[in-house]
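Data block below; observations after.
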Amino acid sequence: MDKFEIHESWYNSIYDILDDINFTKPTCKGSISEVACVFDIESTSFYYNDEKRATMYAWVFGINGKCIRGRTWDEFIQVCNILQQEYQLNEKKRLIVYVHNLAFEFQFFKDRFNWINNFSLEERKPIYALCDLGIEFRCSYILSGYSLEKVGEHLTKYKVNKLVGDLNYSLPRHSKTPLTNEEWNYILHDGLVVMAYIQEEIERMKGIKKIPLTKTGYVRTLCRNACFNGDERYEFFALRDTLTLTEESYLQFKRTYMGVFTHANARHVGKTLKNVASYDFTSSYPAVMVSEKFPMSKPIEYTPKSIDDLLDMCKRHPCIFDVTFHNITSKVNFEHYISVSRCLELKNEIQDNGRVVEADELTISVTECDFLIIRTMYEWDDIEISNFFYFYQGYLPKSLVETVLDLYVNKTTLKGVVGQEDEYLSSKEMVNAIYGMTVTDPCKNEIVYDNEQGWIENVKSTSDLIDQYNKSRTRFLYYAWGIWVTAFARFNLFTGILECKEDYIYSDTDSVKILNKDNHKKYFDLYNKVITMKIKECLRYYDIPFSKSRPKTIKGVSKPLGVWDYEGMYKCFKTLGGKSYI
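First residue of the sequence shown: 0, per numbering that gives the first Met the number 0; consecutive thereafter.
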């Protein structure tokens, strides 16, 4: 594809865009088109009899760099029929058509095709949908993780930008509303941006067949190949086969899992503060994956004999358990760790914007990391422990550790290097996605759309899904690992929050905003020494060069993994709570 061509009405131009295209070599699953192909619509919403409705008033279809346009669904259906006839499409020979945010467009055309197969992450959010014309729609938004505008900004070879300002979305339109050349150009460019993105992915991955359905699919494939083809693959297979789940352990992992911590010090909310320092972990999640020891066994049941015994177990092993606190009260006023939404039981609580300040009774599932933080920040009258399990621990498999480091090295060393834009962007995105891969729920039910019954959840028993997970020969992860990735990262974050106390203002996942930074310099320096030492120990254990954890930028600046990085000073800073600051 050397250039992009914009054709006029579909009826006059449909056969002009139908090039000879290649299909992948047929397999038992069939073959798919080896070409960038996209579909995009513009719609308008309105009220009719006090009911909100929407209609499509323009569409664009592109294949191999050439676009046509139309106004009605009947026109697009005719195009699909021509495509089916021209390429002899069927269930075993499919044309892949990418749609940016398929969840939106699918609501308009879901009842206009007969669906053979489709799959959704949740109701109304399909990842792909195959119709009986042999056309398979896939979601490029789920693949890229970016808005259309961001997709255009990240293009490296086929430079096409989403246009801005040439289409007034407040105006109601329908299929006969005249559109200006500027408006058509805006609409067509949306399709061109997606087509350029898919073409770049085809070339980067060396074939459309290697493009996954979701963003995490890229890093999943990379890590699986590393684990299955490395020198230690037989040791890895032996380990993996011992790391199985039971229905009970899965359910406990699931209720224990917590994601990021994003919150603000209530004492500073709404105030305009001056000279606020910002610190940020350098790749927080990848850092804990190459510095911490994770569960490397099935859960081992245990009954702590006392609080001292409980604390000793928490300091020596990864642990997971349910805990009930009676008359729990915060000991500090600058932050509150326990999330209301994570409590299994909660009575007569006082909240700080979704966080527990105090409660008459509180039950929550925790890891040892969570409990050690809670113990530091709260006090209580009585405590009850149940469902206590501990694990033998060890570093993540060498192949995973090396892959994380390789991605971090590429992200750091390739930034700004001419000719390496694709490799840099790929590494950056995979570093960011590698954590998401570890927490993929192994027991999600399949959601599909049926022409007669609508959205259906194909419910499978948890025990069947667990059995399928344990027996999978393509599995290379242990669900418990993802639970502890965030647990370790939260623990690291809270070392900073607890250090800064009243000077702490705001935190989000891997960063803090604080006052009086000079008063806390010793902590940041010490933390950086400790995390560097922990990473060095892991890499020494695996005989991996320590230099991989501190690559240099194109300007020769070292970027150590996992350290607190001083980002600079805000002259003025104000927050209203999580994800709200200026």
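Yeah, the Cβ is synthetic: ideal placement off N, Cα and C, and Gly gets one too.
### Message
Is any non-hydrogen atom of the ligand GDP found closer than 6 Å to the C-beta of Arg223, if you look at the structure I gave you?
### Response
In the structure shown, the ligand GDP is absent, as is every other ligand, since no ligand is present at all.
### Message
In the DSSP assignment, the alpha helix (DSSP H) including Asn469 goes from what residue to what residue?
### Response
The continuous alpha helix (DSSP H) containing Asn469 extends over residues 461-470.
### Query
Just reading off the beta strand (DSSP E) that Pro125 is part of, what are its end residues?
Start and end: 124-130.
### Message
Here's the rule I'm using: 16 or more other beta-carbon atoms within 10 Å means buried, otherwise exposed. How should Asp517 be labelled?
### Response
Result: exposed.
### Message
Just to confirm my understanding: we take Leu345, look at its own chain, exclude 5 residues before and 5 after, and list those with CB closer than 7 Å. What are they?
### Response
Counting only Cβ-Cβ distances below 7 Å, and skipping sequence neighbours, we find Val339, Ala358, Leu361.
### DSSP state of Leu142 mapped onto helix, strand, coil
Three-state DSSP puts Leu142 in a helix.
### Query
Can you pull the DSSP bridge partners for Tyr522?
Looking at the DSSP output, Tyr522 shares a beta bridge with no other residue.
### Task
Please report how far the alpha carbon of Lys427 lies from the alpha carbon of Leu404, in whole angstroms.
Each residue's Cα considered, the two are about 12 Å apart.
### Beta-carbon separation (whole angstroms), Tyr253 vs Gly144, contact threshold 8 Å
First, the residue type needs correcting, since residue 253 is Lys and not Tyr in the sequence shown. Contact doesn't hold; Cβ gap of about 24 Å is too wide.
### Query
What does a CB cutoff of less than 6 Å around Glu383 pick up in its chain, not counting 5 residues either side in sequence?
Counting only Cβ-Cβ distances below 6 Å, and skipping sequence neighbours, we find Thr323.
#### Entry: Tyr434, enclosing alpha helix (DSSP H) - first and last residue
In the DSSP annotation of this structure, the continuous segment of the alpha helix (DSSP H) that includes Tyr434 starts and ends at 420-437.
### Task
Have a look at Tyr157, Tyr249, Phe235, Glu367 and flag the residue whose alpha-carbon is nearest the alpha-carbon of Arg489.
Here the closest residue by C-alpha is Glu367.
### Query
Can you tell me the Cα-Cα spacing of Phe105 and His188, whole angstroms?
Near 20 Å, if we compare the C-alpha coordinates of His188 and Phe105.
### Query
CB-CB under 6 Å to Phe235, same chain, minus the five flanking residues each way: which ones, in chain order?
Closer than 6 Å at Cβ, skipping near neighbours: Cys226, Pro396.
### Task
Return the CA-CA distance between Val356 and Ser546, expressed in angstroms with no decimal places.
In this model, Val356 and Ser546 are separated by some 44 Å (Cα to Cα).
### Buried versus exposed call for Ala237 [16 or more other C-beta atoms within 10 Å across all chains shown]
It is exposed - the Cβ of Ala237 has fewer than 16 other Cβ atoms within 10 Å.
### Message
If I measure Cβ to Cβ from Pro294 and keep anything under 6 Å in the same chain, skipping five residues before and after, which residues do I get?
### Response
Excluding positions up to five away in sequence, the list reads Pro317, Phe390, Ala479.
### Query
Counting along the chain, where does the beta strand (DSSP E) carrying Leu343 start and finish?
Leu343 -> beta strand (DSSP E) spans 342-346.
### DSSP bridge partner residues for Cys496 (one or two, in chain order)
According to the sequence provided, residue 496 is Ile. The question's Cys does not apply to it. Beta-bridge annotation (DSSP): Ile496 is not paired with any residue.
### Query
Taking just the CA atoms, how far does Tyr233 sit from His519?
Between the alpha carbons of His519 and Tyr233 lies a distance of about 47 Å.
### Task
Determine the extent of the beta strand (DSSP E) in which Tyr407 is found, giving its start and end residues.
Counting along the chain, Tyr407 falls outside any beta strand (DSSP E), though it belongs to the alpha helix (DSSP H) covering 397-412.
#### Entry: Per DSSP, the bridge partner or partners of Asn117
Asn117 pairs with Ala128.
#### Entry: Lys551 versus Glu401, Gly415, Thr176, residue with shortest Cα-Cα distance
Distance check between Lys551 and each of Glu401, Gly415, Thr176 places Gly415 closest, using alpha-carbon atoms only.
### Message
Taking a contact to mean a Cβ-Cβ separation below 7 Å, would you say Ala286 touches Gly495 in this structure?
### Response
With respect to the 7 Å criterion, Ala286 and Gly495 are not classified as neighbours on the basis of their beta carbons.
### Message
Would Ile134 and Cys66 be called neighbours here (beta carbons separated by less than 7 Å)?
### Response
No. Outside cutoff.
### Sequence-distant residues of its chain with Cβ nearer than 8 Å to Ile13 (five each side left out)
Cβ within range, chain order: Ile67, Val78, Ile81.
### Task
Can you say whether Ser282 is buried or exposed, counting buried as having 16 or more other CB atoms within 10 angstroms of its CB?
By the neighbour-count rule (16 or more Cβ atoms within 10 Å), Ser282 is buried.
#### Entry: Range of the contiguous beta strand (DSSP E) that encloses His153
If you look at His153, you'll find it isn't in any beta strand (DSSP E); it sits in the alpha helix (DSSP H) that goes 147-153.
### Task
Would you mind sorting Met257 into buried or exposed? The rule is 16 or more other CB atoms within 10 Å of its CB.
Its Cβ being crowded by 16 or more others within 10 Å, Met257 is buried.
### Task
Report the rounded CA-to-CA distance for Val464 versus Ala432, giving the unit in angstroms.
Checking the displayed sequence, the identity of residue 464 turns out to be Leu instead of Val. Their Cα atoms are separated by approximately 24 Å.
### Task
Classify Met295 as helix, strand or coil using the three-state DSSP reduction.
Note: Met295 maps to coil in three-state DSSP.
#### Entry: Spatially closest choice to Glu199 from His325, Val159, Ile141, Asn116, by CA coordinates
Looking at the Cα atoms, Val159 is the closest of the given residues.
### Message
Just to confirm my understanding: we take Arg539, look at its own chain, exclude 5 residues before and 5 after, and list those with CB closer than 8 Å. What are they?
### Response
Short of 8 Å from the beta carbon of Arg539, and not among the five residues preceding or following it, lie these beta carbons of its own chain, in chain order: Phe545.
### Task
Please classify Phe105: does DSSP put it in a helix, a strand, or coil?
Here DSSP, grouped into helix, strand and coil, assigns Phe105 to helix.
### Query
Is His335 near Asp351, with beta carbons less than 7 Å apart?
The answer is yes: Cβ separation under 7 Å.
### Message
Quick check on the DSSP output: what are the complete alpha helix (DSSP H) runs of length 4 or more inside the region 286-338, in order along the chain?
### Response
Listed in chain order, the alpha helix (DSSP H) runs fully inside the region 286-338 are 306-315, counting runs of at least 4 residues.
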